[in-house]
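Numbering (the working numbering), first residue to last: -18 to 443.
Each residue gets a CB set at the ideal place from its N, CA and C atoms; glycine is no exception.
Shown next as structure tokens:
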């Protein structure tokens, strides 16, 4: 609950910065559009919720709460609410489920409200771009209410919502990655043609080799540590198939007909997609409930400790341990994806596919071409660039943040399937198949971007 109060305090601070529809800017800040500032502000809300979830899942948090006089009575309930609120849900994986449930409801509410908003002249646009203090209060209120949800089957049902939502969010990540790969290659090829071609071609070659070297190293390590001679058949199939698929898309990327239809296509994109495919493969294998085929990274670098005797604990020290390499890498990729979604129209035509995904207008990014209007108090305000039409789909943007909340929930809980007690928490094969299918879908998506101009020669795929 203290984390929720901290969230409210931070919300109050943020509301001072963005109190009205056109966000206030410092005189030293560059000119910007209110559409960009709004997306960044909502992403900041998501970041706050993520930080609160991380605090709640840190080791030893429950012990610290019990040390607060009068907070928990016998570690079972909160004074005055006996039999209604279990103190154990304030920390651990149950708290993450409730915090992310609150964020999901918050963004779902805005996604519904903002359907078919066409311009900033719509009264609902003022709600989108302003009233930040009240939006913070709404989020805090939903969060507090989420902690009153009875245990029952809530976490089990919400787990399956998280699996589906996370799968869709991973697909969005793949779309952004494919677009980034093509934009990266196109940008460097254009610079190579403009001058100093040796330097840029050398950079392209270096990055391509590094990506392939990392992907090949990953395949070797997977076979060594995530397979057994007489076991782990699924892992052997996953690694082998994804390696073959990566080789196929790499060959297709340099075929003469593909090069003729898309001169900017090449091995740089294929190497980046291959590396990300290996990451998804590793992430999937890390969720295999068969511990013989799923060693933790700590067990690979540290000597194994003796197996403890006695009955299994009802709760692991500090709750769920998400802070392994898989969770950290997943969070980093998540934050990068959210930054791209928030500033998706910064890079003009190089972000064409992302702009189409978000329904944004090209060339309207973080730095505005129009100088921000300066008020009588000397403080500049963001430029309203949506009077004639919105620059991105408000509803779809909130839908993406909704999916991001579910992805965060699954990442922080390590894709565990929750049960009544902590000792019964376990990873499940559905989580494995979600990530493996995502890797296959990503490869198919990239392959389609290569062959689509050949299948439909009359269409413009620029």
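{"Check": "When you compare each of 230, 114, 84 and 88 to residue 445 by their alpha carbons, which one comes out closest?", "Outcome": "Any answer about residue 445 is impossible in this case: the structure gives the chain only from -18 up to 443."}
{"Check": "Output the distance between the C-alpha atoms of residue 87 and residue 119, rounded to the nearest integer angstrom.", "Outcome": "8 Å"}
{"Check": "Which of the three DSSP states is assigned to residue 250 in this structure?", "Outcome": "helix"}
{"Check": "Residue 109 by DSSP, collapsed to three states: which one?", "Outcome": "helix"}
{"Check": "Using the C-alpha atoms, what's the distance from residue 93 back to residue 272?", "Outcome": "43 Å"}
{"Check": "Let me check one thing: in DSSP terms, what residues is residue 103 bridge-paired to?", "Outcome": "According to DSSP, which records beta bridges pairwise, residue 103 is partnered with nothing at all."}
{"Check": "Please return the same chain residues whose Cβ sits closer than 6 Å to the Cβ of residue 167, not counting the five positions on each side in sequence.", "Outcome": "245"}
{"Check": "What do you reckon, are the CB atoms on residue 419 and residue 151 nearer than 7 Å?", "Outcome": "yes"}
{"Check": "With DSSP run on the structure shown, which of helix, strand or coil describes residue 167?", "Outcome": "helix"}
{"Check": "Answer yes or no: does any C-beta atom of chain B fall closer than 7 Å to that of residue 231?", "Outcome": "Reference to chain B is not applicable here, since this structure consists of a single protein chain."}
{"Check": "For the alpha helix (DSSP H) holding residue 227, just list the boundary residues, first then last.", "Outcome": "214 to 234"}
{"Check": "Relative to the C-alpha of residue 394, which residue among 374, 176, 137 and 257 is closest?", "Outcome": "137"}
{"Check": "Classify residue 202: buried if its beta carbon has 16 or more other beta carbons within 10 angstroms, exposed otherwise.", "Outcome": "exposed"}
{"Check": "Cutting at 6 Å between CB atoms, please list the residues of its own chain near residue 170, excluding the five before and the five after it.", "Outcome": "245"}
{"Check": "Following the continuous alpha helix (DSSP H) through residue 186, name the residue where it begins and the one where it ends.", "Outcome": "178 to 206"}
{"Check": "From this set, 40, 207, 128 and 33, which residue's C-alpha is nearest residue 268's C-alpha?", "Outcome": "207"}
{"Check": "Can you give me the C-alpha to C-alpha distance between residue 33 and residue 149, rounded to a whole angstrom?", "Outcome": "24 Å"}
{"Check": "Let me check understanding here. Comparing Cα to Cα, which of 375, 390 and 397 lies closest to residue 108?", "Outcome": "375"}
{"Check": "Under 8 Å by Cβ, that's how I've got residue 74 and residue 397 pegged, so tell me the actual separation to the nearest angstrom.", "Outcome": "7 Å"}
{"Check": "Taking contact to mean 3 or more Cβ pairs, one atom from each stretch, closer than 8 Å, check whether the segment 250 to 266 and the segment 155 to 167 are in contact.", "Outcome": "yes"}
{"Check": "Counting only the same chain and skipping the five closest in sequence on each side, list residues whose C-beta sits under 8 Å from that of residue 469.", "Outcome": "Because the chain in this structure spans residues -18 to 443, residue 469 falls outside the shown range and cannot be described."}
{"Check": "Could you spell out where the alpha helix (DSSP H) holding residue 37 opens and where it closes?", "Outcome": "15 to 38"}
{"Check": "Cβ atoms of residue 144 and residue 431: under 7 Å apart, would you say?", "Outcome": "no"}
{"Check": "Figure out for me which residue from 242, 155 and 105 has the closest Cα to the Cα of residue 315.", "Outcome": "155"}
{"Check": "Of all the options 265, 255 and 436, which has the alpha carbon lying nearest to the alpha carbon of residue 391?", "Outcome": "265"}
{"Check": "Pick out whichever of 76, 180, 185 and 117 has its Cα sitting closest to the Cα of residue 25.", "Outcome": "117"}
{"Check": "Taking only the alpha-carbon atoms, compute the straight-line gap between residue 190 and residue 380 and give it to the nearest angstrom.", "Outcome": "37 Å"}
{"Check": "Thinking residue 80 and residue 30 are a contact (beta carbons under 8 Å), I'd like their distance in whole angstroms, please.", "Outcome": "6 Å"}
{"Check": "Whole angstroms is fine: what's the gap from residue 310's alpha carbon to residue 213's?", "Outcome": "24 Å"}
{"Check": "At what residues does the alpha helix (DSSP H) containing residue 414 begin and finish?", "Outcome": "410 to 436"}
{"Check": "Taking the alpha-carbon positions, what's the residue 294 to residue 183 distance?", "Outcome": "For residue 294, the predicted model reports a pLDDT of 40, less than 50, meaning its position is unreliable; a value from the coordinates is still stated below. Roughly 56 Å separates the two Cα atoms."}
{"Check": "Measure the beta-carbon distance from residue 435 to residue 239 and round it to whole angstroms, keeping in mind my assumption that it falls under 8 Å.", "Outcome": "7 Å"}
{"Check": "Check for me: the alpha helix (DSSP H) holding residue 245 runs from which residue to which?", "Outcome": "That residue, residue 245, is in no alpha helix (DSSP H); it is neither H nor E in DSSP."}
{"Check": "Rounded to whole angstroms, what's the CA-CA distance from residue 20 to residue 209? Just pull it up for me.", "Outcome": "47 Å"}
{"Check": "Within 10 angstroms of the Cβ of residue 228, are there 16 or more other Cβ atoms? Answer buried if so, exposed if not.", "Outcome": "exposed"}
{"Check": "Quick one: residues in its chain with C-beta nearer than 7 Å to the C-beta of residue 382, no 5 flanking neighbours on either side, listed in chain order?", "Outcome": "23, 27 and 88"}
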